[in-house]
Amino acid sequence: MNSGLSEASMLVCGGGSGIGRGVVDAYAAEGARVTVVERSEEAAARVRREHGGAVRVVVGDATDAATLDAAIDTAMGAFGGLDNLTCCVGVFDFYASMRNMTVGELADAAEESWRANVLSALLAVNLAYPQLRERGGSITLTLSESAFHPVGGGVLYGSAKWALRGLVSHLARDLAPEIRVNGVAPGGTTGTNFGGLRTLGQTETAATVEGRDARIRANNLLGVLPTPSDHAQAYVYLADPCRSRVLTGAIINTDGGK
């Protein structure tokens, strides 16, 4: 089958590392042209170096409307339009329990989690909507196994991912019939390095958690250790209008089974 993503213009928020980087690589392999929003200068430079002109990178925070506007302008200027928006931005909570938070800590941490995990997607959808509508494009949101089961994170992370699950459903109805909206719900993944909530003083990253890979493998039915590239093929399928033109409001669970 010929790829429906050949020469398509894709915007990936949070595309410099982890699952987002796997998605960028997969889109580029399909012949797509990709614009990436990434806040790390180091990760941005790595993407530019490894992909060349097929990928453009805008450095900035995906919760900042000006950064998102700049990325959309970059996609329009470099690639002539926008066919897909993929949101992979996220911040973890390292299983923080409400039992151990003051009211002030809870309020601040909940706001930080909501801004990174949910508001970033809402802003990107809002700003990219006119360009996506012009091409009958699509949106793909990144959820988590935490959007279906009380695993893979604490209350703050899990509730944010449940919110994204609701967004898939409601945006699919709100933006139909011009734009398809779907989601991918990855399980635990090796090779990711996302950080925690600064408001709670969480300085560790996913990659530094001892024994994490072993726990991931033990907690799915297939006994696998997923990598970013394992999840990326679900994103390719959902974004490709030739493969998934009748799908909207759908979520693919790439979690190895629960």
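Mapping to the working numbering: the sequence shown position 204 is 193, numbers consecutive. Even glycine gets a Cβ: it sits at the ideal position worked out from N, Cα and C. These figures come from a predicted structure and were not determined experimentally.
What's the C-alpha gap between residue i and residue j?
i: Leu255; j: Leu95; result: This structure does not reach residue 255, given that the chain is present from -10 up to 247, and the question cannot be answered.
i: Asp53; j: Tyr118; result: 16 Å
i: Asp244; j: Arg206; result: 10 Å
i: Ala41; j: Gly49; result: The question names Ala, yet the displayed sequence has Gly at residue 41. Each residue's alpha carbon lies about 19 Å from the other.
i: Asn208; j: Glu31; result: 32 Å
i: Asp62; j: Gly212; result: 43 Å
i: Gly93; j: Phe183; result: 24 Å
i: Ser233; j: Tyr226; result: 6 Å
Going by C-alpha to C-alpha distance, which of the options sits closest to residue i?
i: Arg201; options: Thr179, Gly184 and Lys247; result: Thr179
i: His138; options: Gly177, Ala165 and Asn106; result: Gly177
i: Gly172; options: Gln191, Gln222, Thr194 and Ala207; result: Gln222
i: Glu123; options: Val170, Leu116 and Asp72; result: Asp72
i: Met(-1); options: Ala34, Gly69 and Thr237; result: Gly69
i: Leu74; options: Lys247, Gly246, Ala228 and Gly238; result: Ala228
According to the neighbour-count rule (16 or more other Cβ atoms, all chains shown, within 10 Å of its Cβ), is residue i buried or exposed?
i: Ala17; result: buried
i: Leu210; result: exposed
i: Glu101; result: buried
i: Thr192; result: exposed
i: Thr91; result: exposed
i: Gly235; result: Note that residue 235 is Val in the sequence shown here, rather than Gly. The residue in question, Val235, is exposed, as its Cβ has fewer than 16 Cβ neighbours within 10 Å.
i: Arg169; result: buried
i: Ala55; result: exposed
i: Gly126; result: buried
i: His220; result: buried
i: Ala203; result: exposed
i: Asn242; result: buried
Note the first and the last residue of the continuous alpha helix (DSSP H) segment covering residue i.
i: Gly147; result: Val144 to Leu164
i: Leu111; result: Ser109 to Arg124
i: Thr63; result: Ala54 to Phe68
i: Glu233; result: Just to set this straight, residue 233 is Ser in the shown sequence, not Glu. Where Ser233 is concerned, the enclosing alpha helix (DSSP H) stretches over Pro230 to Ser233.
i: Arg201; result: Arg201 to Ala207
I'd like to know whether the C-beta atoms of residue i and residue j end up nearer to each other than 9 Å.
i: Leu145; j: Ala98; result: yes
i: Val23; j: Cys76; result: no
i: Gln120; j: Ala165; result: no
i: Val44; j: Val13; result: yes
i: Gly112; j: Leu130; result: Residue 112 is actually Leu in this sequence, not Gly. No, Cβ-Cβ distance for Leu112 and Leu130 is not below 9 Å.
i: Gly9; j: Ser109; result: no
i: Ala33; j: Glu27; result: yes
i: Gly143; j: Ala105; result: no
i: Val25; j: Gly185; result: no
Taking the beta strand (DSSP E) that residue i falls in, what are its first and last residues?
i: Asn171; result: Arg169 to Pro175
i: Thr129; result: Ser127 to Thr131
i: Val46; result: Val44 to Val48
i: Val25; result: Arg22 to Glu27
i: Val1; result: Ser(-2) to Cys2
i: Leu95; result: First-last for Leu95: Val92 to Trp103, but that is the alpha helix (DSSP H), not the beta strand (DSSP E).
With a cut-off of 9 Å, does the C-beta of residue i fall near any C-beta of chain B?
i: Gly5; result: As a matter of chain content, chain B is missing from the structure shown, which is built from one protein chain.
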